[in-house]
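For reference, the structure discussed in these notes is given below.
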Amino acid sequence: MSAVAAEGVWKYFGDYPALANINLQVEPGACLALLGRNGAGKTTLLRILGGLSRPSRGRVLVFGDEVRNRRSRCRIGVLGHGIGVYEEFSALENLRLFAGLYGLAEPESAARRWLERTGLERAGSSPVREFSRGMRQRLAVARAFIHDPELLLLDEPFTALDDRAIAFLQQLLAETRARGRTVILSTHQLREALELATHAAVIERGRLVFAGERTGQMLSDPGWLYRTYGEG
Numbered sequence: 351m352s353a354v355a356a357e358g359v360w361k362y363f364g365d366y367p368a369l370a371n372i373n374l375q376v377e378p379g380a381c382l383a384l385l386g387r388n389g390a391g392k393t394t395l396l397r398i399l400g401g402l403s404r405p406s407r408g409r410v411l412v413f414g415d416e417v418r419n420r421r422s423r424c425r426i427g428v429l430g431h432g433i434g435v436y437e438e439f440s441a442l443e444n445l446r447l448f449a450g451l452y453g454l455a456e457p458e459s460a461a462r463r464w465l466e467r468t469g470l471e472r473a474g475s476s477p478v479r480e481f482s483r484g485m486r487q488r489l490a491v492a493r494a495f496i497h498d499p500e501l502l503l504l505d506e507p508f509t510a511l512d513d514r515a516i517a518f519l520q521q522l523l524a525e526t527r528a529r530g531r532t533v534i535l536s537t538h539q540l541r542e543a544l545e546l547a548t549h550a551a552v553i554e555r556g557r558l559v560f561a562g563e564r565t566g567q568m569l570s571d572p573g574w575l576y577r578t579y580g581e582g
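Numbering (the working numbering), first residue to last: 351 to 582.
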């Protein structure tokens, strides 16, 4: 059974096909680098894979279940554009809330643990509206990981992070993969993504033009995928 499977997925915005007949399977424990130029459709696909947006046609299954049912949603962690927390709440209140929604037995301790892990423990009582962009992104990381999801969907996760925070996130992703979790990662930092990945996929103008195992050639020359499968 695939961790996530997109079957004949189309997404229209008006008459424009942002995604065209996407068929993609990611196996449990894999780390997929989802690559493509700006506007290729990566964010749209990640939102559909995470159940945040409905496809115009086709379907998405997460561990064999429809993505939009509650069981599937609790198995997914999403980090994307807009961190998805309440601005007027503190960081601690936000994480405690989401830990409870995900059914964690001890939401308070989970929230405090992730504040510490992301270096936000001193700002835990401050409202999110006062946070810098980098602090917001670290809170987004905590929110995505707090319930130890089986499937992680990460859209530009390194945005606004300093070098120390980037190193922490890379280590966190390595630990996550070592526990057999599945990761789909979209970023413009090709080398960093490919170093983490077991597989790669390329979207070009809404179409999946490549999907396969990550190779040594990709690591030594990250731009090779775009030159080979892109349309220029």
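Beta carbons: idealized from backbone N, C-alpha and C, even for Gly.
Q | Among 501, 438, 494 and 467, the one whose alpha carbon lies nearest that of residue 480 | A | Stepping through the sequence shown from its first residue, residue 480 is reached at position 130. The candidate whose alpha carbon is nearest that of residue 480 is 438.
Q.
Considering only their Cβ atoms, is the gap separating residue 512 from residue 484 smaller than 8 Å?
A. The residue given as residue 484 occupies position 134 in the sequence shown. The residue given as residue 512 occupies position 162 in the sequence shown. Closer than 8 Å, so yes.
Q) Beta carbon of residue 580: closer than 7 Å to some heavy atom of the ligand COA? A) Among the ligands in the structure shown, none appear at all, so the ligand COA cannot be discussed.
Q) Does the beta-carbon of residue 373 have 16 or more other beta-carbons within 10 angstroms, so that it is buried, or is it exposed? A) As a working mapping, residue 373 is identified with position 23 in the sequence shown. The residue in question, residue 373, is exposed, as its Cβ has fewer than 16 Cβ neighbours within 10 Å.
Q.
Using a Cβ-Cβ cutoff of less than 6 Å, which residues in the same chain neighbour residue 426 once the five nearest sequence positions on both sides are dropped?
A. Within the sequence shown, the letter at position 76 stands for residue 426. Contacts found: 400, 499 and 501.
**Q.** Selection from 515, 507, 506 and 482 that minimises the alpha carbon distance to residue 466
**A.** For the purposes of this step, residue 466 is taken as residue 116 along the sequence shown, with counting starting at 1. Nearest C-alpha to residue 466: 515.
Q: Going by DSSP, name the residue or residues bridged to residue 532.
A: Residue 532 sits at position 182 when you count from the first residue of the sequence shown. Partner(s): 501.
(Q) For a test of the three-state rule: what should DSSP assign to residue 583, helix, strand or coil? (A) No answer is possible for residue 583: it lies beyond the span of the chain, which begins at 351 and ends at 582.
**Q.** Spatial distance of residue 582 from residue 550 (CA atoms)
**A.** Residue 582 sits at position 232 when you count from the first residue of the sequence shown. Residue 550 sits at position 200 when you count from the first residue of the sequence shown. Per-residue confidence for residue 582 stands at a pLDDT of 49, beneath the threshold of 50, marking its modelled position as unreliable; the derived number appears in the next sentence. About 19 Å.
Q) For residue 512, which three-state DSSP category applies? A) Residue numbering aside, residue 512 sits at position 162 when the sequence shown is read from its first letter. Residue 512: coil per DSSP, three-state reduction.
Q | The beta strand (DSSP E) enclosing residue 367, as first and last residue numbers | A | Residue 367 sits at position 17 when you count from the first residue of the sequence shown. Per DSSP, residue 367 belongs to the beta strand (DSSP E) from 366-376.
Q: Compute the distance between the beta-carbons of residue 384 and residue 496, then report whether it is under 8 Å.
A: Indexing the sequence shown from 1 puts residue 384 at position 34. Indexing the sequence shown from 1 puts residue 496 at position 146. Not a contact, by the Cβ cut-off of 8 Å.
Q. Under 8 Å between the Cβ atoms of residue 391 and residue 359?
A. The residue given as residue 391 occupies position 41 in the sequence shown. The residue given as residue 359 occupies position 9 in the sequence shown. No.
**Q.** C-beta contact flag for residue 552 and residue 414 at 8 Å
**A.** The residue you call residue 552 lines up with position 202 of the sequence shown. The residue you call residue 414 lines up with position 64 of the sequence shown. It is not a contact, given that the beta carbons lie outside the stated cut-off.
Q: Answer with buried or exposed for residue 487, where buried requires no fewer than 16 other C-beta atoms within 10 angstroms of its C-beta.
A: As a working note, residue 487 is residue 137 in the sequence shown. Counting Cβ neighbours within 10 Å, residue 487 comes out buried, since at least 16 surround it.
Q | residue 395 burial status per 10 Å Cβ neighbour count (16 or more: buried) | A | In the sequence shown, the residue the question calls residue 395 occupies position 45. Buried, since its Cβ has 16 or more Cβ neighbours within 10 Å.
Q | Close Cβ partners of residue 476 (< 8 Å) along its chain, the five nearest in sequence each way excluded | A | As a first step, residue 476 must be located in the sequence shown, where it is residue number 126. Excluding positions up to five away in sequence, the list reads 440 and 441.
Q | DSSP state of residue 435 mapped onto helix, strand, coil | A | Taking the sequence shown and counting its residues from 1, one reaches residue 435 at position 85. It is coil, neither helix nor strand.
Q) Between the Cα of residue 449 and the Cα atoms of 493, 418, 397 and 431, which residue gives the shortest distance? A) Here residue 449 corresponds to residue number 99 of the sequence shown, with the count starting at 1. Considering only alpha carbons, the answer is 493.
**Q.** Alpha carbon of residue 536 to alpha carbon of residue 412, nearest angstrom
**A.** If you number the sequence shown from 1, residue 536 lands on position 186. If you number the sequence shown from 1, residue 412 lands on position 62. When rounded, the distance between both Cα atoms is 18 Å.
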